[in-house]
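Remarks on the structure that follows.
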Amino acid sequence: MHEIRCKLQTLRVTKLCNTKEIVTIKKFPGPVVYAQENDRIIVKFANETPYNATIHWHGIRQKLSRMSSRW
């Protein structure tokens, strides 16, 4: 079993002279998690921002789930 701990933090980013605050896990895009089929992974998040947050995963195939990501 693998355990991953992440901290949600605000980060100020500037693009084309426009600065915005985003919520991320130290960088954007967030970190890559590598796993193989049947691996068990526990991911614990600490929200250190003043905002409520939800987590959305990309690149995960979830059998029999309409919520899976194909990218």
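Under the UniProt record's numbering, the first residue of the sequence shown carries the number 1, and numbering increases by one thereafter. Ideal placement from N, C-alpha and C gives every residue a C-beta, glycine not left out. All values reported here derive from a predicted model rather than from experimental measurement.
According to DSSP, simplified to helix, strand and coil, what is residue i?
i	result
N47	strand
I60	coil
I55	coil
Within this structure, are the beta carbons of residue i and residue j separated by less than 8 Å?
i	j	result
A46	L8	yes
T49	T10	yes
V33	I42	no
Which two residues bound the contiguous beta strand (DSSP E) that contains residue i?
i	result
C6	2–15
T19	18–24
Excluding sequence positions up to five away, which residues of its chain have a Cβ less than 6 Å from the Cβ of residue i?
i	result
R5	K44
Excluding the 5 residues preceding and the 5 following residue i in the sequence, name in chain order all residues of the same chain whose CB lies nearer than 7 Å to its CB.
i	result
G30	T24
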